[in-house]
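The listed protein sequences derive, respectively, from chains X and A. The first sequence begins at 3 in the numbering used here and counts up by one. The second sequence begins at 3 in the numbering used here and counts up by one. Data first, discussion second: the structure below is written as structure tokens.
Number of protein chains: 2
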Amino acid sequence: MTAPTALFRALADRTRLRIVNLLARGSLCVCDLQQILGQPQSSVSRHLALLKSAGLVADRRDGLWVFYALTAWDTPLARGVLAALRDHLAGEADYRRDADALSRLRLRGACHLERRRRPASRPAPRRAPARLEA
Amino acid sequence: MTAPTALFRALADRTRLRIVNLLARGSLCVCDLQQILGQPQSSVSRHLALLKSAGLVADRRDGLWVFYALTAWDTPLARGVLAALRDHLAGEADYRRDADALSRLRLRGACHLERRRRPASRPAPRRAPARLEA
DNA sequence: CTATTATATCCGCATATCCGAATGTTGAGG
DNA sequence: CCTCAACATTCGGATATGCGGATATAATAG
Chain X
3 MTAPTALFRA LADRTRLRIV NLLARGSLCV CDLQQILGQP QSSVSRHLAL LKSAGLVADR
63 RDGLWVFYAL TAWDTPLARG VLAALRDHLA GEADYRRDAD ALSRLRLRGA CHLERRRRPA
123 SRPAPRRAPA RLEA
Chain A
3 MTAPTALFRA LADRTRLRIV NLLARGSLCV CDLQQILGQP QSSVSRHLAL LKSAGLVADR
63 RDGLWVFYAL TAWDTPLARG VLAALRDHLA GEADYRRDAD ALSRLRLRGA CHLERRRRPA
123 SRPAPRRAPA RLEA
């Protein structure tokens, strides 16, 4: 269980709030997050590492991809904060735009590059991983 | 209404969490906070100014004293976050110690120096101000 | 007016944070 | 083995933050 200051510090950044907002819709690989956020990959990875160290997200490797998912709904503090945050962000235009971009990306197939590397020979990475416990 | 990042940034500091925890028990003047926190006055004032700019507290002057009070229960995000935070801090020993110190300080008269300056001639500053709307 | 008390703000200074570019690492394919 | 793609980490620099001491402001008492 992380200290409350670590939780709030992790959420005290706009890019990380955008990530949390997106992961609230289901787990995502880094490249898709990068696509939606429009930021350099090192930045996305760094923010994800910070969220992970704060206990807010967990990562799971699947081949070349690493999928991140929200994982803090089990501690009461994080659950309360994330619930309040989710309700609030639903009313903010910027975050809604991100959610829309995610929907569009999912429609034309998540992991925007996967079709280049997986010519329909393999089941392709799962979009909604069953469980995360890291 | 402050941006969510400002709210979380304001809460991403241990001293400020201690202040919020204390103010959740009612409004307090700076000198009493300083007494309980055991930190230099400039530090307490600086943290209070930051909390104020984040919209979490309001100040009200009464003679020489300035009383601070939590004031963010009106926005849904802040209310949700503060509620979750209050429940969480109730279980952390350090913050409970602060609450105990506040109780003791109230027993022997809040505003620990007031009796030196108010020899029972004036009603003395109120401990629980009726309403704050800053 | 002066003195005193409470609080706010300023000043360096140390440290932390954020960023993008560059480099490392890992896993799949050939 | 080598190559490539996804991701992680490191690097250097700009900016932000937290801190205590010093100083400024505000209000009250005399």
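Where is the CB? At the ideal position from N, CA and C, for every residue including glycine.
Cβ-Cβ separation between T17/A and A14/X: approximately 15 angstroms, too far for a contact (criterion under 8 angstroms). Here D34/A really is in contact with L107/A; their C-beta atoms are around 6 angstroms apart, less than 8 angstroms. Per DSSP, D64/X is one residue of the beta strand (DSSP E) stretching across 59 to 64.
Looking at the backbone, the Cα of A56/X and that of L72/X are separated by about 11 angstroms. Residues of chain A with a Cβ closer than 9 angstroms to the Cβ of G82/X are, in chain order, G82, V83, A85, A86, L87, D89, H90. Here C113/X carries a coil assignment [DSSP, helix/strand/coil].
With a cutoff of 8 angstroms on beta-carbon distance, V59/X and V46/X are scored as not near each other.
Inside the region 22 to 99 of chain A, DSSP marks whole alpha helix (DSSP H) runs of 4 or more residues at positions 32 to 39, 43 to 55, 78 to 91, from first to last along the chain. In this structure, DSSP gives D15/X a state outside helix and strand, which the three-state scheme calls coil. At a cut-off of 8 angstroms between beta-carbon atoms, R16/X makes contact with chain A. Close to chain A, meaning a Cβ-Cβ distance shorter than 9 angstroms, is no residue of the region 43 to 57 of chain X at all.
Annotation: Cβ neighbours of F10/X in chain A (cutoff 9 angstroms, chain order): L9, F10, R11, A12, L13, A14, D15, L19, V83, L87. Proximity of chain X to L79/A at the Cβ level (cut-off 8 angstroms) is accounted for by A86, L87, D89, H90, in chain order.
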